[in-house]
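Engineer: Numbering (my numbering), first residue to last: 82 to 625.
Idealized CB from N, CA, C, for every residue including glycine.
Just dropping this structure here.
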């Protein structure tokens, strides 16, 4: 019996020793293969996005410089800040059929590039982040392939022919590895010298970018004139924005006693929609939230203009509206998967079809099924679901357990919710139309109610057509709207709505509060039920 016990102990020790050795060997292999995998992953990173109004394909390499290929106009070069890693950017739409130099450097194109000129670091950083993620993914794949190759090498005696095994020795394998690493390091650190003409061009960029060189005299002349035009346009816009912000700030400061305030026993949420990256209204909204201190910020989408990686800066500014308070959003048709990733990275709670608890509220919503083609009025479907089906799905999700708020973007998605008997939410918010409608109150059979609100554009943007959009760096073109929602802490019912408007001339208009329900008229049974554990009465309960 003692012999069997000793044998089991030895067997267990042998197993643990073998396992530890295997783990150690795997770790060593992972460390040795990482430089090769990383070099391959970085050198093969690829993304497509927009830089200004033009499609751009980005490919990482080890040239140590950034090369911008403008097709028949030529190429521009500048030193990469990530050297020896470089980037080749192929700009689409230049020199293609139907395009002209006049359209490429038109007033509309210059306006579209103003955001890139005014905030170049954030715009470029958004694209770099996408390249970094792609490089990491490719590195992980390469690492996995190399580890599989290492496993085959370790098991070569049982997998390969004897004559192959005799030739694939450890010494030869190590020599091959050292040679490959040496060649790799040499190729990365000593890139190929560029050939062809290089004409230096001094551009008055705000981030003091090093001198750009080009390979075409035509491109040198066009860049000089174009950047000068953008610089003048940007200066005018920034001056107009500064003047508008000063006027709006003075108007807000003169009305501090009139600002929305919750009554005793109430909490307050702040809501908006269709900001479209407007820098001026974002700044005033941040100040408005700071002095009113709502418990949560609710956003019903269209935070960006085109949903591109270059709009990273506007997302980070937008999250500043909340000032560290909970921020929840259902993205709109002008946003994208890239926008959603940027929102999450900045700290927002991005709704994806499931209820979440944010700022003391149960909030449900999902992103818009439509997607705007960047720099176009065309739309595509992001998934096999239309707006009405989105609304029906939200209704089905919330019906078994009603929520405090449902956020969608378009009115067609909100319609099934607002038209349903006893909507399973206390507050339904949407936007998209850039026009305020509501509040609308739907009374339940048990005497409680649901408040619905079509929120106007908080960015002061005209109807969503290509020609009428303001740029992110201009004052609002129309009235910019945002809203305060008051909620009874005991029952969870929304008791009032108070809009605040930022006018194009800088005036701040604070509407009077609109009461949306009378708590005193609420039946005692309903009041007791709402004040209990259930967040809201269900249709079946309300008919008992």
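Taking 7 angstroms as the cut-off, decide whether the C-beta atoms of residue 212 and residue 128 are in contact.
Structural biologist: Here residue 212 corresponds to residue number 131 of the chain shown, with the count starting at 1. Here residue 128 corresponds to residue number 47 of the chain shown, with the count starting at 1. The answer is yes: Cβ separation under 7 angstroms.
Engineer: Beta carbon of residue 313, beta carbon of residue 366: below 7 angstroms?
Structural biologist: Counted from its first residue, the chain shown places residue 313 at position 232. Counted from its first residue, the chain shown places residue 366 at position 285. Contact flag unset, no.
Engineer: Looking only at its own chain, which residues have a Cβ that is under 8 angstroms from the Cβ of residue 121, when we skip the five neighbours before and after it?
Structural biologist: As a working note, residue 121 is residue 40 in the chain shown. Excluding positions up to five away in sequence, the list reads 219, 220 and 223.
Engineer: Tell me, please, which residues DSSP counts as bridged to residue 566.
Structural biologist: Position 485 of the chain shown, counting from 1, holds the residue named residue 566. Paired residue(s): 350 and 578.
Engineer: For residue 162, which of 206, 130 and 153 has the nearest alpha-carbon?
Structural biologist: Indexing the chain shown from 1 puts residue 162 at position 81. Minimum Cα distance to residue 162 is reached at 206.
Engineer: Measure from the alpha carbon of residue 441 to the alpha carbon of each residue in 102, 570 and 294, then state which is nearest.
Structural biologist: Within the chain shown, numbered from 1, the residue matching residue 441 stands at position 360. Here the closest residue by C-alpha is 570.
Engineer: Only counting the same chain, and skipping five residues up and downstream in sequence, which positions put a Cβ closer than 7 angstroms to that of residue 182?
Structural biologist: Within the chain shown, residue 182 is the residue found at index 101, counting from 1. Bear in mind that a pLDDT of 48 at residue 182, under 50, signals an unreliable position, so the number given afterwards is only what the model happens to contain. Same-chain partners within the cutoff: there are none.
Engineer: Measure the Cβ-Cβ separation of residue 138 and residue 171 and say whether it is below 7 angstroms.
Structural biologist: Residue mapping note: residue 138 aligns to position 57 of the chain shown, counting from 1. Residue mapping note: residue 171 aligns to position 90 of the chain shown, counting from 1. In this structure, residue 171 lies closer than 7 angstroms to residue 138 by Cβ.
Engineer: Do residue 597 and residue 529 have their CB atoms nearer than 7 angstroms?
Structural biologist: Within the chain shown, residue 597 is the residue found at index 516, counting from 1. Within the chain shown, residue 529 is the residue found at index 448, counting from 1. Against a cut-off of 7 angstroms, the Cβ pair of residue 529 and residue 597 comes out as no contact.
Engineer: Between the C-alpha atoms of residue 627 and residue 556, what's the straight-line distance to the nearest angstrom?
Structural biologist: With the chain represented from 82 up to 625, any question about residue 627 goes unanswered, as that position is not in the structure.
Engineer: Within this structure, are the beta carbons of residue 378 and residue 408 separated by less than 7 angstroms?
Structural biologist: Taking the first residue of the chain shown as 1, we reach residue 378 at position 297. Taking the first residue of the chain shown as 1, we reach residue 408 at position 327. Yes.
Engineer: Three or more C-beta pairs closer than 8 angstroms, one from the segment 379–389 and one from the segment 510–530: is that the case here?
Structural biologist: Enough Cβ pairs lie closer than 8 angstroms, so yes.
Engineer: What's the gap between the Cα of residue 261 and the Cα of residue 242?
Structural biologist: Within the chain shown, the letter at position 180 stands for residue 261. Within the chain shown, the letter at position 161 stands for residue 242. Using only the alpha carbons, I get a separation of about 25 angstroms.
Engineer: Just tell me which of 112, 430 and 353 has its CA closest to the CA of residue 541.
Structural biologist: In the chain shown, the residue the question calls residue 541 occupies position 460. Residue 541 has its Cα closest to that of 353, out of 112, 430 and 353.
Engineer: Check whether the Cβ atoms of residue 278 and residue 296 lie closer than 7 angstroms to each other.
Structural biologist: Here the question's residue 278 lines up with position 197 in the chain shown. Here the question's residue 296 lines up with position 215 in the chain shown. It is a contact, given that the beta carbons lie within the stated cut-off.
Engineer: Which residue from 482, 446 and 484 puts its Cα closest to that of residue 468?
Structural biologist: One-based indexing of the chain shown puts residue 468 at position 387. Among 482, 446 and 484, the Cα nearest to that of residue 468 is on 446.
Engineer: Since residue 390 contacts residue 210 with CB under 8 angstroms, what's their CB separation in whole angstroms?
Structural biologist: Position 309 of the chain shown, counting from 1, holds the residue named residue 390. Position 129 of the chain shown, counting from 1, holds the residue named residue 210. Yes, they are in contact, since the Cβ atoms of residue 390 and residue 210 sit about 7 angstroms apart, within 8 angstroms.
Engineer: Under 7 angstroms between the Cβ atoms of residue 579 and residue 594?
Structural biologist: Position 498 of the chain shown holds residue 579. Position 513 of the chain shown holds residue 594. For residue 579 and residue 594, yes; Cβs fall inside 7 angstroms.
Engineer: Hey, residue 485 and residue 507 are a contact pair by Cβ (cut 8 angstroms); roughly how many whole angstroms apart?
Structural biologist: Taking the first residue of the chain shown as 1, we reach residue 485 at position 404. Taking the first residue of the chain shown as 1, we reach residue 507 at position 426. Between residue 507 and residue 485 the Cβ distance is about 5 angstroms, and since that is below 8 angstroms, they are a contact.
Engineer: DSSP three-state call for residue 474: helix, strand or coil?
Structural biologist: For this step, residue 474 is matched to residue 393 along the chain shown. In this structure, residue 474 counts as helix in the three-state DSSP scheme.
Engineer: In chain order, which beta strand (DSSP E) runs of at least 3 residues are fully inside the segment 373–433?
Structural biologist: Qualifying beta strand (DSSP E) stretches, in chain order: 377–380 and 408–410.
Engineer: If you check the beta carbons only, do residue 255 and residue 155 fall under 7 angstroms apart?
Structural biologist: On the chain shown, residue 255 is found 174 positions in, with the first residue counted as 1. On the chain shown, residue 155 is found 74 positions in, with the first residue counted as 1. Cβ distance not < 7 angstroms, so residue 255 and residue 155 don't count as in contact.
Engineer: With C-beta atoms as the reference, is residue 476 less than 7 angstroms away from residue 498?
Structural biologist: Within the chain shown, residue 476 is the residue found at index 395, counting from 1. Within the chain shown, residue 498 is the residue found at index 417, counting from 1. Yes, the Cβ-Cβ distance between residue 476 and residue 498 is below 7 angstroms.
Engineer: Could you spell out the range, first to last residue, of the beta strand (DSSP E) harbouring residue 141?
Structural biologist: Here the question's residue 141 lines up with position 60 in the chain shown. First-last of the beta strand (DSSP E) with residue 141: 135–142.
Engineer: Only counting the same chain, and skipping five residues up and downstream in sequence, which positions put a Cβ closer than 8 angstroms to that of residue 550?
Structural biologist: Within the chain shown, residue 550 is the residue found at index 469, counting from 1. Confidence in residue 550 is poor, its pLDDT being 46 and thus under 50, which makes the residue's placement too unreliable to answer from.
Engineer: Alpha carbon to alpha carbon, what distance is there between residue 118 and residue 176?
Structural biologist: Residue numbering aside, residue 176 sits at position 95 when the chain shown is read from its first letter. Residue numbering aside, residue 118 sits at position 37 when the chain shown is read from its first letter. Here the model assigns residue 176 a pLDDT of 45, short of 50, so the residue's position is not dependable, and the following value carries that caveat. Rounded to the nearest angstrom, the two C-alpha atoms are 37 angstroms apart.
Engineer: If we ignore side chains and look at the alpha-carbon of each, how far apart do residue 324 and residue 483 end up?
Structural biologist: Residue 324 sits at position 243 when you count from the first residue of the chain shown. Residue 483 sits at position 402 when you count from the first residue of the chain shown. Answer to the nearest angstrom: the Cα atoms are 46 angstroms apart.
Engineer: Closest to residue 582 by C-alpha separation, out of 333, 418 and 429, would be which residue?
Structural biologist: The residue given as residue 582 occupies position 501 in the chain shown. Considering only alpha carbons, the answer is 333.
Engineer: Nearest-angstrom Cα distance between residue 126 and residue 143?
Structural biologist: Translated into the one-based positions of the chain shown, residue 126 becomes position 45. Translated into the one-based positions of the chain shown, residue 143 becomes position 62. C-alpha separation (whole angstroms): 11 angstroms.
Engineer: Taking DSSP as the reference, what is the three-state secondary structure of residue 499?
Structural biologist: Counted from its first residue, the chain shown places residue 499 at position 418. In the structure shown, residue 499 sits in a helix (DSSP, three-state: H, G or I).
Engineer: Strictly by DSSP, which residues pair up with residue 561?
Structural biologist: Reading the chain shown from its first residue, position 480 is the one you call residue 561. Paired residue(s): 583.
Engineer: Nearest-angstrom Cα distance between residue 341 and residue 575?
Structural biologist: As a first step, residue 341 must be located in the chain shown, where it is residue number 260. As a first step, residue 575 must be located in the chain shown, where it is residue number 494. C-alpha separation (whole angstroms): 15 angstroms.
Engineer: Does DSSP put residue 219 in a helix, in a strand, or in coil?
Structural biologist: The sequence position of residue 219 within the chain shown is 138, counting from 1. Note: residue 219 maps to helix in three-state DSSP.
Engineer: Starting from residue 611, trace the alpha helix (DSSP H) in both directions and tell me its first and last residue.
Structural biologist: The residue given as residue 611 occupies position 530 in the chain shown. Element bounds for residue 611: 605–611.
Engineer: Can you list, in chain order, the residues of its chain with a C-beta nearer than 6 angstroms to that of residue 158? Leave out the 5 residues immediately preceding and following it.
Structural biologist: By 1-based counting over the chain shown, the position of residue 158 is 77. Result list for residue 158: 146, 148 and 294, in chain order.
Engineer: What is the C-beta distance between residue 415 and residue 394, in whole angstroms, given that I count them as a contact (C-beta under 8 angstroms)?
Structural biologist: Along the chain shown, one-based indexing puts residue 415 at 334. Along the chain shown, one-based indexing puts residue 394 at 313. Not quite, the Cβ-Cβ distance comes to about 16 angstroms (not below 8 angstroms), so this is no contact.
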